[in-house]
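*Asks:* What follows is a single structure, and I will ask about it in a moment.
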Amino acid sequence: MDFNNIIFWLSNLGTLVFAISGFITAVNKKLDHFGAFVIAFVTGLGGGTLRDVLLNTDVAWIYDPINLYLVIIGVILAYFLKDRFSRLRKMLFLFDTIGISLFTIHGLQVAQKYDLNGFYLIIFGVITATFGGAIRDILCDEIPLIFRKEIYATACVAGAVAYLGFEAIGFSLVLKTILSCAIIIVIRTVAVIKNYSIPVLKEKV
Amino acid sequence: MDFNNIIFWLSNLGTLVFAISGFITAVNKKLDHFGAFVIAFVTGLGGGTLRDVLLNTDVAWIYDPINLYLVIIGVILAYFLKDRFSRLRKMLFLFDTIGISLFTIHGLQVAQKYDLNGFYLIIFGVITATFGGAIRDILCDEIPLIFRKEIYATACVAGAVAYLGFEAIGFSLVLKTILSCAIIIVIRTVAVIKNYSIPVLKEKV
Amino acid sequence: MDFNNIIFWLSNLGTLVFAISGFITAVNKKLDHFGAFVIAFVTGLGGGTLRDVLLNTDVAWIYDPINLYLVIIGVILAYFLKDRFSRLRKMLFLFDTIGISLFTIHGLQVAQKYDLNGFYLIIFGVITATFGGAIRDILCDEIPLIFRKEIYATACVAGAVAYLGFEAIGFSLVLKTILSCAIIIVIRTVAVIKNYSIPVLKEKV
């Protein structure tokens, strides 16, 4: 198994974990099975979908059924494991964090196929990693969590910037991918452990 | 008038009834005329629009003005009839149910132009039938009704699965369309009469 | 500087002011910096993005970085000026009104590249001008203001209709653009002065 295959499967693991996270959110919102499936679907695939729609290209999951099957597997897993999730929470957090790191770098790499400058590459990496969860929250009638308290997006931006930096230095694909993913994982993990968020802007204007 | 023309006009009747349903929802939310028009528009055409955007093809209503005129007619009808809707509710429900059945099968048939497996055909059928109403609810700041209590989506899935089954058996276009639409209409009507929904998932996780 | 350049820069001024308006809205919703940036982004560029996605064409801001930089500048301006906005309100309202007038006519002109009838041109003008703010409100978990205070959209529709009328008469590009923008600005300003409606930025700023 070469390195590209590893990225491919880790990214798929991200879809799986995001689908599980979406299903759990839907259950907490008392949605029915159909609603929970839709939420799992958009959480796992919504970020990549928005990226592809904006890039005016074919939406990845439509022509790569593995994505669809991963959501279905995620929903089945979540359904049968849902009573045990309080114990699984740390593992879910770990998978989720790995997922966003891979999604960020994968989204950036997809955008690199187009003639776009670095700002755009960062934006498409962050969109891929974060908008699945944002659409999940909109469908559940909440202000997206990512806009309110997590260091989530900042970690993605930092990782994407680092990736471009490593690329400018001339690091290999393997090295720049591993290092930038590691940066995202470390920032997010440390932030959550220290219960830190980027500051809410002053309310009074 | 051949069979394709009948599908075409029944599908258009679906757009019309969905536009009326959107307008009524907007009025109940105390939106103004512009807001009510937009809600009528997205309810009638939002599902097909999302389908076409995801398929990266031309959005149907942009190049087929009949859809647009049907929304306008629906809004005008809803405006003048809105005080009588309590009496018209059963008729609206009937039209609405016919509408989703036609939208499901029509959406599936549109997706068949692409090289997609059965899972996708079902998904695009359901998206076409249900996301107009879902976008309506998001714009009105509610969790989409379809995620919460109606048998709506399940009926669409059942009809789409049946269509593919009839196709595998070798039924004619006319027969498989009529039968699968009938399945959707019957499931939904029976479910509403018996006040049945697919169960809400347990809240405790 | 010829007339097309003036339209270009006034349209960009619209993006800038919309970005500022989005940032302020986000601050009032207690979003963090990332959330405020995203809201500024979608407020400034969301209307044009939806237009381009529906038209199945390349999204303008992806291939024209000036739009992106304007959002960044708008965010920086809003950040440093946010304590002074109570005094700047009238100026913001003026820019915002100029912005929607230019966005309406610019969106209509973009749609004219396609073989669409007048109804569609009006719709795409109004989508360009209003859906940035609508997406902002959806992300902030509110029913879009524009669906509730109708004079906003009505002014855009009036301006778009007038533009098509002036075009039918044979007015020059300069003349029909200036006149139709003036109509939007006057309708909206008079409506606000007479308290038919309140401007977006009036809430709590």
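Protein chains in written order, with the working numbering: chain A, 1 to 205; chain B, 1 to 205; chain C, 1 to 205.
Even glycine gets a Cβ: it sits at the ideal position worked out from N, Cα and C.
1. Considering only the alpha carbon of each residue, which of C:Ile123, C:Ile151, C:Ile146 lies closest to Ile62 of chain B?
2. Which whole-angstrom value describes the C-beta separation of Thr43 of chain C and Gly159 of chain C, a residue pair presumed to lie in contact below a C-beta threshold of 8 Å?
3. Does the Cβ of Gly47 of chain B have 16 or more other Cβ atoms within 10 Å, making it buried, or fewer, making it exposed?
4. With DSSP as the reference, label Cys181 of chain B as helix, strand or coil.
5. Taking Thr25 of chain A as the reference, which of A:Pro144, A:Gly165, A:Val53, A:Thr97 has the closest Cα?
6. Measure the alpha-carbon distance for Arg188 of chain B versus Lys29 of chain C and round it to whole angstroms.
7. Would you say Thr128 of chain A lies against chain B (beta-carbon separation less than 9 Å)?
8. Chain B partners of Val53 of chain C, CB-CB under 8 Å?
9. Would you give the residue range spanned by the alpha helix (DSSP H) that Arg213 of chain C belongs to?
10. Residues bridged to Tyr64 of chain B by DSSP?
11. Give the DSSP-derived three-state secondary structure of Asp32 of chain A in the structure shown.
12. Check the Cβ of Leu116 of chain C against every Cβ in chain B and list those closer than 9 Å, keeping chain order.
13. Enumerate, from N- to C-terminal direction, the unbroken alpha helix (DSSP H) stretches of 4 or more residues contained entirely within the stretch 121-195 of chain A.
14. Suppose you measure from the CA of Asn67 of chain C to the CA of Asp58 of chain B; what does that come to, to the nearest Å?
15. Taking Leu16 of chain C as the reference, give the member of C:Leu54, C:Thr97, C:His33, C:Leu55 with the closest Cα.
16. Can you look up Thr57 of chain A in the DSSP assignment and give me helix, strand or coil?
17. Select from A:Gly22, A:Leu55, A:Asp64, A:Ile105 the residue whose C-alpha is nearest the C-alpha of Asp207 of chain A.
18. Nearest CA to the CA of Ala155 of chain B: which residue from B:Phe95, B:Leu175, B:Val190?
19. Can you grab the Cα-Cα spacing for the pair Ile100 of chain A / Gln109 of chain A, in whole Å?
20. So which of A:Ser21, A:Leu45, A:Asn5 has the shortest CA-CA distance to Ile127 of chain A?
21. Measuring only between beta-carbons, confirm whether Ala158 of chain B sits less than 9 Å from chain A.
22. For Lys194 of chain B, is the classification buried or exposed, using 16 other Cβ atoms within 10 angstroms of its Cβ as the cut-off for buried?
23. Here's a check: name, in chain order, each residue in its chain whose Cβ is nearer than 6 Å to the Cβ of Ser11 of chain C, leaving out the five neighbours to either side.
24. Mind checking if Asn56 of chain C is an interface residue toward chain A, Cβ cutoff 9 Å exclusive?
25. Quick one: residues in its chain with C-beta nearer than 7 Å to the C-beta of Cys181 of chain C, no 5 flanking neighbours on either side, listed in chain order?
26. Under the rule that 16 or more other beta-carbon atoms within 10 Å means buried, what is Ile207 of chain B, buried or exposed?
27. Report the three-state DSSP secondary structure of Lys202 of chain A (helix, strand or coil).
*Replies:* Straight from the coordinates:
1. C:Ile123
2. Thr43 of chain C to Gly159 of chain C, Cβ: 20 Å. No contact.
3. The residue is buried, with at least 16 neighbouring Cβ atoms inside 10 Å.
4. helix
5. Considering only alpha carbons, the answer is A:Pro144.
6. Rounded to the nearest angstrom, the two C-alpha atoms are 40 Å apart.
7. no
8. Here the neighbours are Val53.
9. Since the first residue shown for chain C is 1 and the last is 205, residue 213 of chain C is missing from the structure and cannot be characterised.
10. The sequence shown places Asp at residue 64 of chain B, not Tyr. Answer by DSSP bridge pairing: none, since Asp64 of chain B is not bridged.
11. strand
12. Ile62, Tyr63, Pro65
13. 145-148, 152-169, 173-193
14. 25 Å
15. C:Thr97
16. Three-state DSSP puts Thr57 of chain A in coil, outside helix and strand.
17. Given a span of 1 to 205 for chain A in the structure shown, any question on residue 207 of chain A remains unanswerable.
18. B:Val190
19. 14 Å
20. A:Leu45
21. no
22. Exposed, since its Cβ has fewer than 16 Cβ neighbours within 10 Å.
23. Leu102, His106
24. yes
25. Ser101, Leu102, Ile105, Gly159
26. Residue 207 of chain B cannot be examined here, being either before or after the span of chain B that is shown, 1 to 205.
27. In this prediction, Lys202 of chain A scores a pLDDT of 49, lower than 50, which makes its location untrustworthy; no coordinate-derived value is stated.
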